[in-house]
Amino acid sequence: MMHIHRLLLEGKYPNCARIARHLEVSSKTIQRDIDHMRDQLGLPIEYDSSRYGYYYTQPVTAFPTMPATEGELLALFVAQRALEQYRGTPFEAPLTSAFAKLTEAMQTAVTVDLGSLSEVLSFHHRGAAITEMETFQAVTKALMESRELEFSYQKLRQTQAENRRIQPYHLASIDGQWYLFAHDLDRNDIRTFVLGRIRQIIRTGKKFSKPENFSLADWLMGSFGVFKGKGDYAVRIEFDPYAAQLVGERIWHASQKTSLLEDGGLELQLQLDSLEEVERWILSWGGHAKVTAPPALKKRVQTALREMNDLYAASPPWLSELHEAAQAQQPDRLLQLVLSSSRRVDHPGQMRFPFPSRSALLRP
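Residue numbers (our numbering): 4 to 367.
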């Protein structure tokens, strides 16, 4: 409603369809909000058929304060608790100020015991994103004003930052991390940027028109997280009875379908356009999850498990004996160990290496 109010004050004659696309809600929701603003809050809103939009028929100086019910206040309190992940970050001060202003605008008496709520309700977060307030404000301003932005950005696995020129479309907090979705002018494609990797805002450029049909929900439809791919994968994962209840209690993706297995486990089906993020998620379940499709995902998980096994596996005893014999310059003992080994060359953890002849080994 505050967004609608701002458009009306600016004389932009908004209509339900345009507002709904921008806020990613239905037109009926916007119509209900406008009806509430006019009928319940007493704002002078009328529809101009010649301009195809709404307008204020009288000057409006401020948005009316709204009475809050106990349930609404409880919801506000829960939201404030959820934002505690930003305690100790540059966001703490402006968030505290914002909530103070919201509570001051409420007309009705507070009937909820916030002190008691604090003792029984809390949120716990791990790995809060590290973002500079100046960067956040500059990006947000460019988004609100629809202005091009140039900044220095250091990609993952790169040692040096590079300049990027973008048209910002959307800023979203996903799993505690801030992501900027923007049109990259040099690459002529929509790219995803982690806000914390922006090293320096260089300049704000000219205004641009954001595509009206851009929707973050549509853009990430096939993503398991935030990164969009170009593939089309029908993913199937089987979870054992232990993990079945945990998986079944949550919605992991809009495309998900679940079915119970005979042993009490659960099969999860997803339709994705990339495999990187779902691979990491599957590995987090350890031995409780098994990929059955597609083969490409199964191979990725198998490769990751082999690499982890190599990383944590201790050196086999026979390899230690070989090393000791080589260090002591005992060619006879070294050859004896090699010839007596019954291990296959392709056994996991072994190395493939050529051996010279016995005479070469014994040669001084």
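Where a beta carbon is used, it is the ideal one built from N, C-alpha and C, also for glycine.
**Study point:** Y236 (DSSP reduced to helix, strand or coil)
**Key:** As a first step, residue 236 must be located in the sequence shown, where it is residue number 233. Note: Y236 maps to strand in three-state DSSP.
**Study point:** Spatial distance of A299 from W222 (CA atoms)
**Key:** To locate residue 299, count along the sequence shown from 1; it is residue 296. To locate residue 222, count along the sequence shown from 1; it is residue 219. Straight-line Cα distance between these residues: approximately 23 Å.
Review point. Roughly how many whole angstroms lie between the Cα atoms of R194 and E279?
Key: Here residue 194 corresponds to residue number 191 of the sequence shown, with the count starting at 1. Here residue 279 corresponds to residue number 276 of the sequence shown, with the count starting at 1. Spanning the two alpha carbons is a distance of roughly 16 Å.
Point to revise | Close-in-space but distant-in-sequence residues of the same chain around S30 (CB under 6 Å, 5 per side omitted) | key: Translated into the one-based positions of the sequence shown, residue 30 becomes position 27. So the list reads C19, A20 and A23, once near-sequence residues are dropped.
Point to revise | Whole-angstrom distance between Y315 and P214, CA atom to CA atom | key: The residue given as residue 214 occupies position 211 in the sequence shown. The residue given as residue 315 occupies position 312 in the sequence shown. Looking at the two C-alpha atoms, the distance is approximately 49 Å.
**Study point:** Residue ranges of each beta strand (DSSP E) within the region 147–173, 3 or longer
**Key:** 150–156
Check your understanding: When the Cα atoms are used, what is the spatial distance from R239 to M311?
Key -> As a position in the sequence shown, residue 239 is number 236, starting the count at 1. As a position in the sequence shown, residue 311 is number 308, starting the count at 1. Cα-Cα distance, rounded: 23 Å.
**Study point:** Given G234 as reference, the closest of M224, D189, H186 and F211 once Cα atoms are compared
**Key:** In the sequence shown, the residue the question calls residue 234 occupies position 231. Answer by Cα proximity: M224.
Practice item. Mind reading off the beta-carbon distance from P47 to T64? Whole number of angstroms is fine, and I expect it under 8 Å. Key: As a position in the sequence shown, residue 47 is number 44, starting the count at 1. As a position in the sequence shown, residue 64 is number 61, starting the count at 1. With a Cβ gap of about 12 Å, P47 and T64 do not count as contacting.
**Study point:** Presumed contact (8 Å Cβ cut-off) between E241 and K293, rounded CB distance
**Key:** Along the sequence shown, one-based indexing puts residue 241 at 238. Along the sequence shown, one-based indexing puts residue 293 at 290. That belief holds up - the Cβ atoms of E241 and K293 are roughly 5 Å apart, short of 8 Å.
Check your understanding: What does A296 pair with, by DSSP beta-bridge criteria?
Key -> For this step, residue 296 is matched to residue 293 along the sequence shown. The partner list for A296 (beta bridge, DSSP) reads R239.
Review point. Do S155 and N166 come within 8 Å of each other at the CB atom, strictly closer than that value?
Key: Working through the sequence shown from its first residue, we reach residue 166 at position 163. Working through the sequence shown from its first residue, we reach residue 155 at position 152. Going by C-beta atoms, N166 is nearer than 8 Å to S155.
Check your understanding: So what does DSSP say about G290, is it helix, strand or coil?
Key -> Translated into the one-based positions of the sequence shown, residue 290 becomes position 287. Here G290 sits in helix by DSSP.
Practice item. Using a threshold of 8 Å, state whether the C-beta atoms of L44 and P62 are closer than that. Key: On the sequence shown, residue 44 is found 41 positions in, with the first residue counted as 1. On the sequence shown, residue 62 is found 59 positions in, with the first residue counted as 1. It is not a contact, given that the beta carbons lie outside the stated cut-off.
Point to revise | Beta bridge counterpart(s) of R206 as assigned by DSSP | key: Locating residue 206 in the sequence shown gives position 203, counting from the first residue. In DSSP, R206 forms a bridge with E153.
Check your understanding: Touching or not, the region 225–232 and the region 165–185, by the rule of three or more beta carbon pairs under 8 Å?
Key -> yes
Review point. So, V281 versus L269, is the Cβ gap smaller than 8 Å?
Key: What you label residue 281 is simply residue 278 of the sequence shown in a count that begins at 1. What you label residue 269 is simply residue 266 of the sequence shown in a count that begins at 1. No, these two residues do not count as a Cβ contact at 8 Å.
Point to revise | S262, DSSP secondary structure in three states | key: As a first step, residue 262 is located in the sequence shown; it is residue number 259 there, counting from the start. Residue state, collapsed to three classes: strand.
Practice item. Please go through the same chain and pick out, in chain order, the residues whose beta-carbon is closer than 7 Å to the beta-carbon of L264, but skip the five residues on each side of it. Key: For this step, residue 264 is matched to residue 261 along the sequence shown. Answer for L264: E241 and E270, listed in chain order.
Check your understanding: Just reading off the alpha helix (DSSP H) that A316 is part of, what are its end residues?
Key -> Within the sequence shown, the letter at position 313 stands for residue 316. Where A316 is concerned, there is no enclosing alpha helix (DSSP H), given that its DSSP letter is neither H nor E.
Review point. Among A331, V28, E137 and G290, which has the Cα closest to the Cα of R202?
Key: By one-based count along the sequence shown, residue 202 stands at place 199. Closest option to R202, Cα to Cα, is E137.
Practice item. Locate the alpha helix (DSSP H) running through V250, then write down its first and last residues. Key: Sequence index remark: in the sequence shown, residue 250 carries index 247 (1-based). Looking at the DSSP string, the run of the alpha helix (DSSP H) that includes V250 is P244 to G251.
Practice item. Within 10 angstroms of the Cβ of H39, are there 16 or more other Cβ atoms? Answer buried if so, exposed if not. Key: As a working note, residue 39 is residue 36 in the sequence shown. Counting Cβ neighbours within 10 Å, H39 comes out exposed, since fewer than 16 surround it.
**Study point:** Delimiting residues of the beta strand (DSSP E) encompassing L273
**Key:** Position 270 of the sequence shown, counted from the start, is the residue given in the question as residue 273. From DSSP, the beta strand (DSSP E) with L273 extends over L269 to L275.
Point to revise | Distance, D335 Cα to E327 Cα | key: Mapped onto the sequence shown, residue 327 falls at position 324. Mapped onto the sequence shown, residue 335 falls at position 332. Approximately 13 Å between the Cα atoms of the pair.
**Study point:** C-beta contact flag for G199 and T134 at 8 Å
**Key:** Mapped onto the sequence shown, residue 199 falls at position 196. Mapped onto the sequence shown, residue 134 falls at position 131. Contact: yes.
Practice item. Give me the Cα-Cα distance between L117 and A101, rounded to the nearest whole angstrom. Key: As a working mapping, residue 117 is identified with position 114 in the sequence shown. As a working mapping, residue 101 is identified with position 98 in the sequence shown. In this prediction, L117 has a pLDDT of 47, which is less than 50 and means its spatial position is unreliable; what the coordinates show is noted afterwards. Whole-angstrom Cα-Cα distance: 18 Å.
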